[in-house]
Structures are given as C-alpha cells and as structure tokens.
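Just so we're aligned, residue 7 is where the sequence shown starts under our numbering, counting upward by one.
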Amino acid sequence: MYLKKPLWSEGIESDSDGAVVEVVKSLQQQRVYREVTLALRTGLRDARAEFSFLRVRALRSILNFLRSVADSDSTIDLFNQTQSIPELQVVPVLFQHSLKETGEDYTENRLGDLTHILGVEVEPIKLTSPSTDHEVALALRVLEGCCLLHPQSTALAHQHNAIQVLMNILSNRGVLEQGACLDALISLMVDSSPNQMDFEKCNGIMEVADLIRDKQVDENLRLKCGEFLLLLIGHVNGRDSLPLATIHEDTRRLLGEKSASLIWAASQFGSTLDPEQRLTALQIQARRVLESLDLY
7 MYLKKPLWSE GIESDSDGAV VEVVKSLQQQ RVYREVTLAL RTGLRDARAE
57 FSFLRVRALR SILNFLRSVA DSDSTIDLFN QTQSIPELQV VPVLFQHSLK
107 ETGEDYTENR LGDLTHILGV EVEPIKLTSP STDHEVALAL RVLEGCCLLH
157 PQSTALAHQH NAIQVLMNIL SNRGVLEQGA CLDALISLMV DSSPNQMDFE
207 KCNGIMEVAD LIRDKQVDEN LRLKCGEFLL LLIGHVNGRD SLPLATIHED
257 TRRLLGEKSA SLIWAASQFG STLDPEQRLT ALQIQARRVL ESLDLY
C-alpha cells in the first residue's frame, strides 16, 4: 500500500482562506490515518496466517508500506501513533510467527487429530508451515524498518528475546537471512542498552568475528560483517558507560591489532556525507577491513 495525495486537495491548499486550508489539512490527516491503520490491519492479519506463502505476501506488503511511510515526518508520526495500539503492533507478530523458532513444536503440530489413537475426543492442532528462508529475510527487513521508524519497537523486540533469536538466525541460517540479520541487529541496538546487553551476553562480537575471519563464508556476507562492525563501533565511540564499552578490546583480541585499529579509525566516517556517499564510504571501508584480515 502506498500513501497518495488525494485529488480533492489539489488547488485548495493554495487558497487564501486559512480556515479552508486547516479543514483540508485535517481531512487529509484523517484520511492518511485511516489508510495507515487499514494497511496495518490487513497486513498483520495475513502475517498471522498458517501458511508461509500468505505470510510472505503480507510481509512484502508491510515492507512496501513502511517505505511509503518513511517519505514524510507526518506519516512517520502517524505510524508511531499506531504502534501504541496492541492490535496494530508489528514487532510482536514478527516474533510470534515468521521469526518463531521451530522444532519440536512443529513436529507436534504435524500430529493432527489423535482421536482414533487415544480413543477420546482431542481437539485437532492446527498445522502451521515453518518459515522459509525468504520469509525470515523479509521479516528481518520489516523488523529493521520498524525499529528505525519507531524507536520504541526496540523495547517491544526485547520483550521477545530479539537478540537471542537473531543470533540463532545468524549462526544457523543461510546468507540471505544472515545479511538481513546483521542490518536488523544494528537497528535493534541503536540507543537500546537492554539489547546491547543481550548482544554482549550472546558473545555477539565473537559470532560476527568468526564469520568475517572465515574465508569459506560468502564474501558479500563477510563484507556485511565488516559494515556491521564499522556501524556498531561508530555508534558506541565515546560512550564508555554503555554495555558495549569493551567492544574495542574484544575486536582487538578477535581480529588483531591492525584490523581493530583500522575499524576504529574508519568508523568515524560519514558524518558530513549525504546518505548515498555514506553508503559508498561504508562499503569501501568494509573492503579495507577484509583486506587487513587477509594480512593478519
């Protein structure tokens, strides 16, 4: 769903009558709020579906919706308002469905109706298909978007042990999910001490360091690990009281003095650059980090 400007508002906003302009603005805000809530209700309904293909379709729709919301501060504010309403909150649905860790629960769900075996009436258990790789990657992108647009979503994610869930994905899933996972981890930890503490408890830096040092790992994923370290260390620089205060020492111990010093220096990049230049600089510096590891 994309938010569009109503046709009836064209030409009216330039009217010299201030009262008319205010009425138009009020009507437009109400219309956009209705569209936002409708998009969320529709997307979240299918995001709770039993079948993965329905959840994938819903996640793709929600992701497009978040990109549309990000176009203006007013729509971001409206989205943030909706996230105070439990039935419209996106993050809990992600962890209850697409990012839910499967295992024995799924095996049990496959048993279905046991009435003919047990001899007593047993309520059938619904069969829920496990999340596909594509679904997990989409859910992580949606999680990232929610945390960037609505900072309080990091607290909601913490209630669902988000860092532990994502570290399991980083350790056990494929390249597609791992790359999305690294981006989501950054968005979860920005200005969130509880999530940073969880990351430290999970030995997160060690997990990322293991990936970036392993030359058998996909090179693009190793580069993504380099970008992750640059962004994370750049964020905690000068904040010695944070849970990740030992990150510099951990990086030096795991990657060596040369690579750690390069990451420390390179993490200062981009403060005066526009977003596109900042991204290019980040990619260049991540490449240099990988090259320094090859010499280590």
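C-beta atoms are modelled at their ideal positions from N, C-alpha and C, and glycine is treated no differently.
C-alpha of Met203 to C-alpha of His166: approximately 15 Å in a straight line. Between Ser58 and Ser159, the beta carbon gap of about 23 Å keeps them out of contact (Cβ cut-off 8 Å).
In the DSSP annotation of this structure, the continuous segment of the alpha helix (DSSP H) that includes Gly185 starts and ends at Val181 to Met195.
Scanning its chain for C-beta atoms nearer than 7 Å, with the 5 sequence neighbours on each side dropped, one finds around Ala190 the residues Leu146, Leu149, Glu150 and Leu172, in chain order.
Per DSSP, reduced to three states, the secondary structure at Gln283 is helical. The DSSP-derived three-state label of Glu255 is helix. C-alpha of Arg63 to C-alpha of Glu183: approximately 17 Å in a straight line. Between the alpha carbons of Asp256 and Leu50 lies a gap of roughly 40 Å. Put simply, of Trp270, Thr138, Gln95 and Glu206 the residue whose alpha carbon is nearest the alpha carbon of Arg179 is Thr138.
Annotated as proximal: Leu162 and Val97, with beta-carbon spacing under 8 Å.
In the three-state reduction of the DSSP assignment, Ile290 falls in the helix class, which pools H, G and I.
In terms of Cβ geometry, Leu235 and Val214 form a close pair [threshold 8 Å]. Taking 8 Å as the cut-off, the Cβ atoms of Leu72 and Leu155 count as close.
DSSP, read as helix, strand or coil, puts Leu94 in helix. In summary, Lys207 is exposed, with fewer than 16 beta-carbon neighbours lying within 10 Å of its beta-carbon over all protein chains present. For the 8 Å CB-CB criterion, Val42 and Phe85 form a contact. In the structure shown, Asn226 falls within a helical segment according to DSSP collapsed to helix, strand and coil.
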